[in-house]
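Following: one structure in structure tokens, then a few remarks.
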Amino acid sequence: MAKRTLTLCMLAVAIGLALLASAQDRQSEKPAAAVAPATTASANAGRTPVHDDAAERIEGEKRFKANCGRCHLAPEKFPPRMMATILRHMRVRATLTDEDARLILRYMTQ
Amino acid sequence: MHCIALAMILLLTFASSLRAQSEDSDSQRPVPIFSAGMGFITPFQGGQANLDPLISPIFLVPIGDRWLIESRDTFESDFSQPPGSNTFHGVIQKEVDYLQLDYIANPYVTVTVGRYLTPFGIFNERLYPIWIRDLQSDPLILPIATGPSNASTGAMFRGGFAISPKVELNYAAYYSTLIAVSPVDSDRSAGGRVGIFLPDQRLEFGGSFQHLLQDERSNSFGFHFAWQPPPVPLDIRGEYARSRRGSGYWIESAYRLSQIAAAQDFLRHVQLVARMQQFFVGALPHEVLPSANTQEFEFGLNYYFQDNLRLVSSYGRQFSSLGNVNVWTVGITYRLVAPIGRAESN
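Chains A and B supply the protein sequences, listed in that same order. 109 is the number that numbering that gives the first Met the number 0 gives the last residue of the first sequence; the numbers go up by one with no jumps. 345 is the number that numbering that gives the first Met the number 0 gives the last residue of the second sequence; the numbers go up by one with no jumps.
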């Protein structure tokens, strides 16, 4: 009985996630960067979305120092295609937010 | 029944992505990467010298916009000199640290399936690699609730998002199944971790929980924090963990001498580290945890030639009812990163 309940709960969670992702896809425009395909304003509740190039660079550097420095020294910059992979890996490993990953990638590839 | 349910869950979760895959510009299209952490560490414990070479290859294979296959294996040995022998002997140990498929479902959720590092505390997932850790010895409490080889096998939901302009929340929730085959063994368990990150203060704190679904079916819990005060190159981190097999804590600080005006060319490469930790035995025995209450102080001195190449050294003193010992460590660590394929865009 408990296993069935658990299975139903997991199915409900999965359906919810699928619906959420589906709605997300309809809302979002073409992703700006490979690392952060699903950025929306709702994902950064309360945070002001950064769009201006100079402002993005400053914000990206700030978030780079705040997030990457939590665990290791600042690495050197790699080519953009490598940085895209590294940021995707770090997004998962360090549970970076969507916006943080996007801005850090932008900063590291400029 | 469970296989069918799991398949349905994965299918439902991933299905929406199939039509959402979009074309990236070539300059931003992620390329597969090979990376490796490697090192040669020489610990001297209680007057006994060991030679510990280690290499830990990592493969990152991105697929489309939302998928990532990642793996890390570890090949290491602990060569020691048997009494009366002039040569060092040891065997190479192989471990699959993780082999996982990640799917970034949306800004809030990433789904991971396969073998993954158990998200209990912060050391195991984030600070474990040889080129990242400031002191080469593991914290005494690391084996608590992380399972065999510090990994679990199953499925995990995780993510991070801002809940206000100054506060971010991150989480991980997982289920792991029992596998008894080395080197991919894991415990049957369920658990999770929640953390709060304050970017402006560079302060993170949180807690972890695990319920073991085998043997004594016990609970474990822990707390962690990490703080980098913005004005100074200082890292302060710590963890506490408690289980029926033991409990304890560690707290560590690391300081780069980059702000000292004198001899800057030299001192900015130097890092001082200190760690204190205690372990208290629990009601049940454990294969890896110390068998007696233990207290340890360690001081480290690291020199960074580059961000990926450094000399490491440390001295520690371990106190326990089994005997007090000195622990010296010297070594070198290196991290390699290389693309598999063309990294530059046209």
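Note that beta-carbon positions come from the ideal geometry of N, C-alpha and C, so glycine has one too.
Quick check on DSSP: helix, strand or coil for residue i?
{"i": "A/Lys-61", "result": "helix"}
{"i": "B/Ile-259", "result": "coil"}
{"i": "B/Ile-40", "result": "strand"}
{"i": "B/Val-336", "result": "strand"}
{"i": "B/Asp-264", "result": "helix"}
{"i": "B/Ile-131", "result": "coil"}
{"i": "B/Leu-100", "result": "strand"}
{"i": "B/Leu-321", "result": "coil"}
{"i": "B/Leu-177", "result": "coil"}
{"i": "B/Asn-218", "result": "strand"}
{"i": "B/His-285", "result": "coil"}
{"i": "B/Ile-235", "result": "strand"}
{"i": "B/Asp-51", "result": "strand"}
{"i": "A/Ser-27", "result": "Confidence is the limiting factor: at A/Ser-27 the pLDDT is only 42, short of 50, which leaves the residue's position unreliable, though a coordinate-based value still follows. Coil at A/Ser-27, not helix or strand."}
{"i": "A/Ala-32", "result": "Confidence is the limiting factor: at A/Ala-32 the pLDDT is only 42, short of 50, which leaves the residue's position unreliable, though a coordinate-based value still follows. Coil at A/Ala-32, not helix or strand."}
{"i": "B/Gln-227", "result": "coil"}
{"i": "B/Val-90", "result": "coil"}
{"i": "B/Pro-138", "result": "coil"}
{"i": "B/Gln-305", "result": "strand"}
Hey, out of the options, whose CA is closest to residue i's CA?
{"i": "B/Ile-140", "options": "B/Ser-246, B/Ser-312, B/Pro-29, B/Ser-252", "result": "B/Ser-246"}
{"i": "B/Ile-433", "options": "B/Ser-79, B/Tyr-170, B/Phe-156", "result": "A query on residue 433 of chain B cannot be resolved here, the shown segment of chain B reaching from 0 to 345 and no further."}
{"i": "B/Gly-194", "options": "A/Gln-109, A/Ile-103, A/Thr-96, A/Ile-57", "result": "A/Thr-96"}
{"i": "B/Phe-184", "options": "B/Ala-342, B/Leu-50, B/Asp-96", "result": "Inspection of the sequence shows that residue 184 of chain B is occupied by Asp rather than by Phe. The shortest C-alpha separation from B/Asp-184 is found at B/Asp-96."}
{"i": "A/Lys-122", "options": "B/Pro-106, B/Phe-224, B/Leu-197", "result": "Coverage of chain A is limited to positions 0 through 109, which leaves residue 122 of chain A absent and any answer about it impossible."}
{"i": "B/Leu-53", "options": "B/Glu-343, B/Pro-338, B/Gly-340, B/Arg-334", "result": "B/Arg-334"}
{"i": "B/Gly-38", "options": "B/Glu-295, B/Ala-253, B/Phe-58, B/Arg-132", "result": "B/Arg-132"}
{"i": "B/Pro-29", "options": "B/Ile-68, B/Thr-332, B/Ile-91", "result": "B/Ile-68"}
{"i": "B/Ser-79", "options": "B/Ile-143, B/Pro-128, B/Val-90, B/Glu-286", "result": "B/Val-90"}
{"i": "B/Ala-144", "options": "B/Leu-50, B/Gly-158, B/Leu-116, B/Lys-93", "result": "B/Leu-116"}
{"i": "B/Gln-44", "options": "B/Ile-331, B/Gly-340, B/Gly-330, B/Val-326", "result": "B/Val-326"}
{"i": "B/Glu-343", "options": "A/Asp-51, A/Met-81, A/Leu-102", "result": "A/Met-81"}
{"i": "B/Asp-64", "options": "B/Asp-77, B/Gln-92, B/Asp-101, B/Asn-123", "result": "B/Asp-101"}
{"i": "B/Arg-216", "options": "B/Asp-186, B/Asp-199, B/Gly-237", "result": "B/Asp-186"}
{"i": "B/Thr-109", "options": "B/Ala-35, B/Ser-136, B/Arg-244, B/Met-155", "result": "B/Met-155"}
{"i": "B/Ala-179", "options": "B/Pro-147, B/Val-231, B/Phe-122", "result": "B/Pro-147"}
{"i": "B/Arg-236", "options": "B/Asp-51, B/Ser-252, B/Gly-315", "result": "B/Ser-252"}
{"i": "A/Lys-76", "options": "B/Arg-243, B/Gln-227, B/Asp-306, B/Gln-317", "result": "B/Asp-306"}
{"i": "B/Tyr-248", "options": "B/Asn-218, B/Ala-260, B/Ala-273, B/Phe-279", "result": "B/Phe-279"}
{"i": "B/Thr-152", "options": "B/Tyr-173, B/Arg-274, B/Arg-244, B/Val-311", "result": "B/Tyr-173"}
{"i": "B/Glu-75", "options": "B/Pro-82, B/His-88, B/Asn-123", "result": "B/His-88"}
In chain B, which residues lie with their C-beta within 8 Å of the C-beta of residue i?
{"i": "A/Ala-54", "result": "Ordered by position in chain B, no residue passes the 8 Å Cβ test against A/Ala-54, which lies about 15 Å from the chain."}
{"i": "A/Glu-85", "result": "For clarity, residue 85 of chain A is Ile in the given sequence; the question names Glu instead. Going along chain B in sequence order, the residues near A/Ile-85 (Cβ under 8 Å) are Ile-32, Leu-59, Val-336."}
Residues of chain B with CB under 7 Å from residue i, in chain order?
{"i": "A/Leu-95", "result": "Gly-159"}
Listing by chain order, which chain A residues have their CB less than 7 Å from the CB of residue i?
{"i": "B/Asp-101", "result": "Val-91"}
{"i": "B/Ala-225", "result": "Arg-69"}
{"i": "B/Thr-109", "result": "Val-91"}
{"i": "B/Pro-228", "result": "Simply none; closest approach about 11 Å."}
{"i": "B/Phe-167", "result": "A small correction: the amino acid at residue 167 of chain B is Glu; Phe does not occupy that position in the sequence shown. The answer, in chain order, is Thr-96."}
In chain B, which residues lie with their C-beta within 9 Å of the C-beta of residue i?
{"i": "A/Met-81", "result": "Pro-29, Val-30, Ile-32, Val-336, Ala-337, Pro-338, Ala-342"}
Compute the beta-carbon to beta-carbon distance between residue i and residue j, rounded to the nearest angstrom, for a pair I have assumed lies under 8 Å.
{"i": "B/Phe-220", "j": "B/Arg-201", "result": "Rounded, the Cβ-Cβ distance is 25 Å, inconsistent with contact."}
{"i": "A/Arg-92", "j": "B/Arg-125", "result": "7 Å"}
{"i": "B/Phe-265", "j": "B/Tyr-239", "result": "With 8 Å as the limit, B/Phe-265 and B/Tyr-239 do not qualify as a contact, their Cβ atoms being about 37 Å apart."}
{"i": "B/Gln-277", "j": "B/Gln-294", "result": "5 Å"}
{"i": "B/Ala-189", "j": "B/His-210", "result": "5 Å"}
{"i": "B/Pro-31", "j": "B/Gly-340", "result": "6 Å"}
{"i": "A/Gly-59", "j": "A/Leu-102", "result": "4 Å"}
{"i": "B/Phe-298", "j": "B/Ser-313", "result": "6 Å"}
{"i": "B/Lys-93", "j": "B/Pro-182", "result": "5 Å"}
{"i": "B/Pro-128", "j": "B/Ser-55", "result": "7 Å"}
{"i": "B/Pro-71", "j": "B/Pro-118", "result": "Looking at the sequence provided, one finds Arg at residue 71 of chain B rather than Pro. Actually they are not in contact, since the Cβ atoms of B/Arg-71 and B/Pro-118 sit about 15 Å apart, beyond 8 Å."}
{"i": "B/Gly-158", "j": "A/Thr-94", "result": "6 Å"}
Name the chain A residues that come within less than 9 Å of residue i, Cβ to Cβ?
{"i": "B/Pro-198", "result": "Lys-61, Arg-62, Ala-65, Asn-66, Asp-99"}
{"i": "B/Asp-306", "result": "His-71, Leu-72, Ala-73, Pro-74, Glu-75"}
{"i": "B/Glu-203", "result": "Arg-69"}
Indicate, with yes or no, if the ligand FMN has a heavy atom lying under 7 Å from the CB of residue i.
{"i": "B/Trp-327", "result": "In terms of ligand content, the structure shown is empty, and the ligand FMN therefore cannot be addressed."}
The stretch 57 to 73 of chain A: positions lying closer than 9 Å to chain B by Cβ: Lys-61, Arg-62, Lys-64, Ala-65, Asn-66, Gly-68, Arg-69, Cys-70, His-71, Leu-72, Ala-73
Between the stretch 51 to 69 of chain B and chain A, which residues of the former have a C-beta closer than 8 Å to a C-beta of the latter? Leu-59, Pro-61, Asp-64, Arg-65, Leu-67, Glu-69
Under 7 Å, CB to CB, which of the residues in the stretch 123 to 138 of chain B have a partner in chain A? Glu-124, Arg-125, Leu-126, Ile-131
What residues in the stretch 211 to 222 of chain B have a beta carbon less than 8 Å from any beta carbon of chain A? none
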